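**Student:** The structure's right below; bear with me while I get my questions together.
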Amino acid sequence: MSVLKRSIPVVIVGGGQAGLCASYYLTKSKIEHVVLERSQRFHSWKNDRWDSFCLVTPNWQCRMPDWHYNGDDPNGYMVKDEIVNYLEDFANSFKPPIHEGASVEKVDRDKDGKFFVKTSESEWIADSVILATGSYDLQTKPEFAQNLNPDVFQISSKSYKRPSDIPDGVCLVVGTGQSGVQMMEDLWIAGREVRLCVGTAPRSPRIYRGRDATDWLFEIGEYSKTIGEQPNPKLTESKTNHYLSGRNGGHEIDLREFALKGLKLYGSVCNMNENLIQFKKDLNKNLDRADESYLKICKMIDEYIDKKNIDAPQKPLFEKKWLPEEEIEFLNIKKENITSILWCTGFKTDYSWLKIDCLDSTGRPIHQRGVSDEQGLYFLGLNWLHTWGSGRFLSVAEDAEFLVQNIKENLSSSKNKTSCFQSL
Ligand SMILES: Cc1cc2nc3c(=O)[nH]c(=O)nc-3n(C[C@H](O)[C@H](O)[C@H](O)COP(=O)(O)OP(=O)(O)OC[C@H]3O[C@@H](n4cnc5c(N)ncnc54)[C@H](O)[C@@H]3O)c2cc1C
Numbered sequence: 007m008s009v010l011k012r013s014i015p016v017v018i019v020g021g022g023q024a025g026l027c028a029s030y031y032l033t034k035s036k037i038e039h040v041v042l043e044r045s046q047r048f049h050s051w052k053n054d055r056w057d058s059f060c061l062v063t064p065n066w067q068c069r070m071p072d073w074h075y076n077g078d079d080p081n082g083y084m085v086k087d088e089i090v091n092y093l094e095d096f097a098n099s100f101k102p103p104i105h106e107g108a109s110v111e112k113v114d115r116d117k118d119g120k121f122f123v124k125t126s127e128s129e130w131i132a133d134s135v136i137l138a139t140g141s142y143d144l145q146t147k148p149e150f151a152q153n154l155n156p157d158v159f160q161i162s163s164k165s166y167k168r169p170s171d172i173p174d175g176v177c178l179v180v181g182t183g184q185s186g187v188q189m190m191e192d193l194w195i196a197g198r199e200v201r202l203c204v205g206t207a208p209r210s211p212r213i214y215r216g217r218d219a220t221d222w223l224f225e226i227g228e229y230s231k232t233i234g235e236q237p238n239p240k241l242t243e244s245k246t247n248h249y250l251s252g253r254n255g256g257h258e259i260d261l262r263e264f265a266l267k268g269l270k271l272y273g274s275v276c277n278m279n280e281n282l283i284q285f286k287k288d289l290n291k292n293l294d295r296a297d298e299s300y301l302k303i304c305k306m307i308d309e310y311i312d313k314k315n316i317d318a319p320q321k322p323l324f325e326k327k328w329l330p331e332e333e334i335e336f337l338n339i340k341k342e343n344i345t346s347i348l349w350c351t352g353f354k355t356d357y358s359w360l361k362i363d364c365l366d367s368t369g370r371p372i373h374q375r376g377v378s379d380e381q382g383l384y385f386l387g388l389n390w391l392h393t394w395g396s397g398r399f400l401s402v403a404e405d406a407e408f409l410v411q412n413i414k415e416n417l418s419s420s421k422n423k424t425s426c427f428q429s430l
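Take 7 as the starting number for the sequence shown in this note's numbering and just add one per residue.
Here is the structure:
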């Protein structure tokens, strides 16, 4: 099979919302480029989400460049197909030069200092490369998962689509990030036997003092704060998202309320061996932590309301509706009829194909607002690349515009250099 070989100013790796935002601004600036996508555009939204998925952030936060959400429900939360349609309409508005089915196997420097990008069918020499492969590429789960009795069905959150994916019997959901809590709820609503291992994730109010908490936080200016303004940037970057839901018009999730209705909660899993699951005795602590983060957001909003003298409904009374009677340390899966484990224990990026030394010792890219120390190499779409909204719909476009501006300046300065040399 013949391999396509081409030189081009810019290669974008990844055809998700981040890659296509960059493509939009490059197109607008008339900078030739290609988007290499190993699957199809918006693959993650089309294939990696579950059937009942809906946004956790309100629709008004969907701000693709020159394509802000303009439907009739700005305060609602789009479901999966609506999100895909919104993105497809955005892409159709400018027809990005995307190669689908082009999995990037290598990004390296060539002997002239340009970038060499290789897929199975094509090779590209580029002046700049934007890596927009997302924050959620590889799913992580603890190694001890392999010690569990093989009769137990194990599935990860990217593969879970609907309750019927889960065999009869009790399903233990591990993790309380956004996926874990919403998948637990999906199974619960379907009347399935489900239990939950509660991790350290924070939680957020949904409607608080008359408005969506995210609306207040936006108005307060929390989403404009940069990573550099955070007290501990490294910690902020690695934090799990707050849990809450956009399902059926949106609601907050208080696991204590679920416990009152009969959901069995455990602390975080720390070991598995054949038929035995071991938990840390941290259920109480983790529920308290989630409440603390919830109350911190409430306090921030209360202070803002007071400061601005806003006429807002009174705050609801906070109460711990349920307390664990004991911290369960061991569970026998046979006795409890646990037939499946749904792992919702997080993700990490995959840069195994990136042969340029631009990652720190933990594998995170070294960059300033997406601009790497390696001239011409850029990152986009990562959580907290610049602000809270960088890895989300809210601010990815702003980051993309910033990178494209940087690329434009580099291209024009290298053109100037070339013309200087030519006139010597
Ligand atoms: C469960 C979940 C819920 C979320 N909910 C919200 C929400 O409510 N609101 C919000 O604003 N954000 C939400 N997000 C965050 C964010 O908006 C999404 O993760 C979004 O998909 C990020 O877009 P992206 O383009 O950065 O990455 P992705 O959508 O992951 O796109 C990256 C693309 O790169 C491709 N790729 C990867 N490696 C290669 C390679 N080697 N070669 C070629 N292509 C490659 C992939 O196939 C993929 O299509 C959520 C994320 C998750 C996981």
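By construction, the Cβ of each residue, glycine as well, lies at the ideal position given by its N, Cα and C atoms. Source: prediction; values computed, not measured.
Under 7 Å: does the beta carbon of E43 sit that close to some heavy atom of ligand 1?
**Tutor:** Here the question's residue 43 lines up with position 37 in the sequence shown. Yes - ligand 1 has a heavy atom lying nearer than 7 Å to the Cβ of E43.
**Student:** For I413, tell me which candidate among N281, E127, V9, V17 has the shortest Cα-Cα distance.
**Tutor:** Here residue 413 refers to the residue found at position 407 of the sequence shown. Answer by Cα proximity: V17.
**Student:** Spell out the partners DSSP gives F224 in its beta bridges.
**Tutor:** Residue mapping note: residue 224 aligns to position 218 of the sequence shown, counting from 1. Beta-bridge pairing links F224 to no other residue.
**Student:** Indicate, with yes or no, if ligand 1 has a heavy atom lying under 7 Å from the CB of D143.
**Tutor:** Taking the first residue of the sequence shown as 1, we reach residue 143 at position 137. Yes, Cβ of D143 sits closer than 7 Å to a heavy atom of ligand 1.
**Student:** Could you tell me whether the Cβ atoms of V9 and S141 are closer together than 8 Å?
**Tutor:** The residue given as residue 9 occupies position 3 in the sequence shown. The residue given as residue 141 occupies position 135 in the sequence shown. No, Cβ-Cβ distance for V9 and S141 is not below 8 Å.
**Student:** Quick check: what's the CA-CA separation for H472 versus K341?
**Tutor:** A question about residue 472 goes unanswered here, because the residues of the chain that appear run from 7 up to 430.
**Student:** Closer than 8 Å by C-beta to C426: which residues in its own chain qualify, once you throw out the five before and the five after it? Chain order, please.
**Tutor:** Start at 1 with the first residue of the sequence shown, and residue 426 comes out as number 420. Because the pLDDT at C426 is just 45, under 50, the model does not fix this residue reliably, and the point stays unresolved.
**Student:** In whole angstroms, what separates the C-alpha of S396 from that of E243?
**Tutor:** Mapped onto the sequence shown, residue 396 falls at position 390. Mapped onto the sequence shown, residue 243 falls at position 237. Distance between the alpha carbons of S396 and E243 is about 11 Å.
**Student:** To which residues of the same chain is K321 closer than 8 Å at the C-beta, ignoring the five residues directly before and after it?
**Tutor:** Within the sequence shown, the letter at position 315 stands for residue 321. Once the five neighbours on either side are set aside, the close Cβ partners of K321 are Y214, R215, C304, D308.
**Student:** Under 8 Å between the Cβ atoms of D221 and W56?
**Tutor:** Position 215 of the sequence shown, counting from 1, holds the residue named residue 221. Position 50 of the sequence shown, counting from 1, holds the residue named residue 56. Contact: no.
**Student:** Buried or exposed, going by whether 16 or more other CB atoms sit within 10 Å of the CB of Q23?
**Tutor:** By one-based count along the sequence shown, residue 23 stands at place 17. With 16 or more other Cβ atoms within 10 Å, it is buried.
**Student:** Where do the ends of the alpha helix (DSSP H) carrying M189 lie?
**Tutor:** Here residue 189 corresponds to residue number 183 of the sequence shown, with the count starting at 1. Looking at the DSSP string, the run of the alpha helix (DSSP H) that includes M189 is 184 to 195.
**Student:** Mind checking whether V41 and I89 have CB atoms under 8 Å apart?
**Tutor:** Numbered from its first residue, the sequence shown carries residue 41 at position 35. Numbered from its first residue, the sequence shown carries residue 89 at position 83. No, these two residues do not count as a Cβ contact at 8 Å.
**Student:** Does the Cβ of G22 lie closer than 7 Å to at least one heavy atom of ligand 1?
**Tutor:** By 1-based counting over the sequence shown, the position of residue 22 is 16. It does: the Cβ of G22 is within 7 Å (strictly closer) of some heavy atom of ligand 1.
**Student:** Is there contact here, the stretch 103 to 119 with the stretch 278 to 297, by at least three beta-carbon pairs under 8 Å?
**Tutor:** no
**Student:** With a Cβ-Cβ cutoff of 8 Å, do I161 and L329 count as a contact?
**Tutor:** Here residue 161 refers to the residue found at position 155 of the sequence shown. Here residue 329 refers to the residue found at position 323 of the sequence shown. Contact flag unset, no.
**Student:** In three-state terms, what does DSSP make of R55?
**Tutor:** For the purposes of this step, residue 55 is taken as the residue at position 49 of the sequence shown. Note: R55 maps to coil in three-state DSSP.
**Student:** Sorted by chain position, which residues of the same chain lie with C-beta nearer than 7 Å to Q411's C-beta, five sequence neighbours on each side aside?
**Tutor:** Within the sequence shown, residue 411 is the residue found at index 405, counting from 1. So the list is empty, once near-sequence residues are dropped.
**Student:** From L430 to T246, what does the alpha carbon distance come to, in whole angstroms?
**Tutor:** Locating residue 430 in the sequence shown gives position 424, where the first residue counts as 1. Locating residue 246 in the sequence shown gives position 240, where the first residue counts as 1. Annotation note: pLDDT 39 at L430 (below 50); position unreliable, no value reported.
**Student:** Going along the chain, which unbroken runs of the beta strand (DSSP E) with 3 or more residues stay wholly within the stretch 50 to 134?
**Tutor:** 104 to 106, 110 to 115, 121 to 125
**Student:** Under 8 Å, with one C-beta from each stretch per pair, do the stretch 252 to 267 and the stretch 186 to 203 reach the 3-pair mark?
**Tutor:** yes
**Student:** Which residue's Cα is closest to the Cα of G255: R217, K291, Y229, E235?
**Tutor:** Mapped onto the sequence shown, residue 255 falls at position 249. Comparing Cα-Cα distances from G255 to each of R217, K291, Y229, E235, the minimum goes to R217.
**Student:** Indicate whether the contact test is met: 3 or more Cβ pairs, each with one atom in the stretch 72 to 90 and one in the stretch 113 to 128, closer than 8 Å.
**Tutor:** no
**Student:** Would you say the beta carbon of A28 is closer than 7 Å to some non-hydrogen atom of ligand 1?
**Tutor:** Residue numbering aside, residue 28 sits at position 22 when the sequence shown is read from its first letter. Between ligand 1 and the CB of A28, the shortest heavy atom gap is not smaller than 7 Å.
**Student:** Please identify the residue among Y272, T232, M70, V123 whose C-alpha is closest to the C-alpha of R12.
**Tutor:** The residue given as residue 12 occupies position 6 in the sequence shown. The option with the nearest alpha carbon to R12 is V123.
**Student:** Where do the ends of the beta strand (DSSP E) carrying L271 lie?
**Tutor:** Taking the first residue of the sequence shown as position 1, residue 271 is located at position 265. It spans 270 to 272 - the beta strand (DSSP E) in which L271 sits, taken as one unbroken run.
**Student:** Within 10 angstroms of the Cβ of F59, are there 16 or more other Cβ atoms? Answer buried if so, exposed if not.
**Tutor:** Position 53 of the sequence shown holds residue 59. Burial call: buried.
**Student:** Pick out whichever of C203, Q67, L388, L26 has its Cα sitting closest to the Cα of E225.
**Tutor:** One-based indexing of the sequence shown puts residue 225 at position 219. The shortest C-alpha separation from E225 is found at Q67.
**Student:** By DSSP's criteria, F48 is part of a beta bridge. Which residues make up the other side?
**Tutor:** The sequence position of residue 48 within the sequence shown is 42, counting from 1. Note: F48 sits in no beta bridge, so no partner.
**Student:** Can the beta-carbon of P64 be found less than 8 Å from the beta-carbon of E38?
**Tutor:** Against the sequence shown, residue 64 aligns to sequence position 58. Against the sequence shown, residue 38 aligns to sequence position 32. Result no, Cβ atoms of P64 and E38 do not sit closer than 8 Å.
**Student:** Based on the DSSP secondary-structure assignment, which residues constitute the bridge partners of E43?
**Tutor:** Residue mapping note: residue 43 aligns to position 37 of the sequence shown, counting from 1. Paired residue(s): E106.
**Student:** Quick check on DSSP: helix, strand or coil for S251?
**Tutor:** Translated into the one-based positions of the sequence shown, residue 251 becomes position 245. In the structure shown, the three-state DSSP call for S251 is strand.
**Student:** Mapping DSSP to helix, strand and coil, what is T232?
**Tutor:** As a working note, residue 232 is residue 226 in the sequence shown. T232: strand per DSSP, three-state reduction.
**Student:** With hydrogens ignored, establish whether the beta-carbon of R398 is closer than 7 Å to any heavy atom of ligand 1.
**Tutor:** On the sequence shown, residue 398 is found 392 positions in, with the first residue counted as 1. For ligand 1, at least one heavy atom lies less than 7 Å from the Cβ of R398.
**Student:** Under DSSP, the alpha helix (DSSP H) around Y300 begins and ends at which residues?
**Tutor:** As a working mapping, residue 300 is identified with position 294 in the sequence shown. From DSSP, the alpha helix (DSSP H) with Y300 extends over 289 to 314.
**Student:** Quick one: give me the first and last residue of the alpha helix (DSSP H) that Q23 is part of.
**Tutor:** Numbered from 1 along the sequence shown, position 17 holds the residue referred to as residue 23. From DSSP, the alpha helix (DSSP H) with Q23 extends over 23 to 34.
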